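**Q** My structure is below; once you've seen it, I'll send some questions.
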Amino acid sequence: MSEAEVSQFLCVLIKMGEALQNSGAEVFRVEDTLNRIAAAYGAEEVNIFVITSSIVVTLTMPDLPPQTQTRRLRKSTGNDLLELEQLNALSRRICAEKPPVEEFQQQLSTILAQPGEPRLHLAGSVLGAASFAVFFGGSLWDGVLAGGVAVFICWMERWLAPFCLNGVAFQFIASFLSGMAALLCCRVCPVLHADMVLIGVIMLLVPGIPFTNAIRDILLGDIISGSLRLVEAVLLAAMLALGMMAAIWLMGGAA
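The sequence shown begins at 346 in the working numbering and counts up by one.
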């Protein structure tokens, strides 16, 4: 490769790392994937540093000076497991076939350009909220209400989240508004059990995957990234609790 080709390859490589990070991959997976791809293309030395807010990659190709690129990550968390699976399959295919950099870039862009499935996300959210409400002792009507509030949460994720400064602010607003909506419906219809409905709603907002990835990063030795993710997960959980507490306090209780 020439220096220009290495620069282009490095740009595609760091874009791959950003896509993995935004899809919910742990830091070890991101670093290991980029290391394997760079080694497959003949890199003599690869140094990769990944945290939740940035990626730094330095490549040394044969007979060429080292090149470094840095990418600032604006989206620190994400949970698109379908896209993550596609990126993992792409990385394995790239390491096995070693296509030209342009083809690698095109295949990566094709995956990232695929639109999401809002109806599938909506169906999963409704099913999850309703199932948890019934599982913890609620009635069928409690599950129906929890599913209805889940639709409201999905609407907020699509239309309200872009106007929030960060995920922590959205977490508080979403938990407060969804709690208010559930409690108001329970006041109108006394046969509903507000506590069971709130359990189903809360399950949609609990930062379970970020917390799990944080613990996994720490156990794998990525202390900085794991600590950052752990702090973020704790903040999201705290905002969820504060939002629900504020809604319950304003409505005079969940009974």
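Idealized CB from N, CA, C, for every residue including glycine.
All values derive from a computational prediction rather than experimental measurement.
#1: Can residue 520 be considered in contact with the ligand GTP, in the sense that its beta carbon sits closer than 6 Å to one or more heavy atoms?
#2: By the three-class DSSP mapping on this structure, what secondary structure does residue 395 have?
#3: Since residue 414 is in the beta strand (DSSP E), which residue starts that stretch and which ends it?
#4: Which residues in the same chain as residue 342 place their Cβ atom closer than 6 Å to its Cβ, once the five residues preceding and following it in sequence are excluded?
#5: Could you please give the first and the last residue of the uninterrupted alpha helix (DSSP H) stretch that includes residue 470?
#6: Determine whether the beta carbon atoms of residue 521 and residue 592 lie at a separation below 7 Å.
#7: Suppose you measure from the CA of residue 531 to the CA of residue 471; what does that come to, to the nearest Å?
#8: Note down the Cα distance separating residue 383 from residue 478, rounded to an integer number of angstroms.
#9: Apart from the five residues on each side of it in sequence, which residues of its chain come closer than 8 Å, Cβ to Cβ, to residue 529?
#10: Output the distance between the C-alpha atoms of residue 441 and residue 434, rounded to the nearest integer angstrom.
#11: Between residue 431 and residue 590, what straight-line distance do the alpha-carbon atoms span, to the nearest angstrom?
#12: Please determine, among 406, 347, 349, 453, the residue with the shortest C-alpha to C-alpha distance to residue 359.
#13: Would you mind working out which of 347, 463, 558, 507 sits nearest residue 571, comparing C-alpha positions?
#14: From the DSSP output, in three-state form, read off residue 404 for me.
#15: Of the choices 588, 573, 581, whose alpha-carbon is the least far from that of residue 398?
#16: With DSSP collapsed to three states, give me the class of residue 371.
#17: What is the DSSP secondary structure of residue 389, reduced to helix, strand or coil?
**A** In brief:
#1: Ligands displayed in this structure: none; no statement on the ligand GTP is therefore possible.
#2: Note: residue 395 maps to strand in three-state DSSP.
#3: Counting along the chain, the beta strand (DSSP E) containing residue 414 begins and ends at 412-417.
#4: Since the first residue shown for the chain is 346 and the last is 600, residue 342 is missing from the structure and cannot be characterised.
#5: Its alpha helix (DSSP H) spans residues 463-480.
#6: Going by beta carbons, residue 521 and residue 592 fall inside the 7 Å limit.
#7: The straight-line gap from Cα to Cα measures roughly 18 Å.
#8: Answer to the nearest angstrom: the Cα atoms are 47 Å apart.
#9: So the qualifying residues of the chain are 596.
#10: Cα to Cα, residue 441 sits roughly 11 Å from residue 434.
#11: Linking residue 431 to residue 590 through their CA atoms gives a straight-line distance of about 39 Å.
#12: Nearest to residue 359 by C-alpha distance, out of 406, 347, 349, 453, is 453.
#13: Among 347, 463, 558, 507, the Cα nearest to that of residue 571 belongs to 558.
#14: In this structure, residue 404 counts as strand in the three-state DSSP scheme.
#15: For residue 398, the closest of 588, 573, 581 by C-alpha to C-alpha distance is 573.
#16: DSSP places residue 371 in coil when its eight states are reduced to three.
#17: Three-state DSSP puts residue 389 in coil, outside helix and strand.
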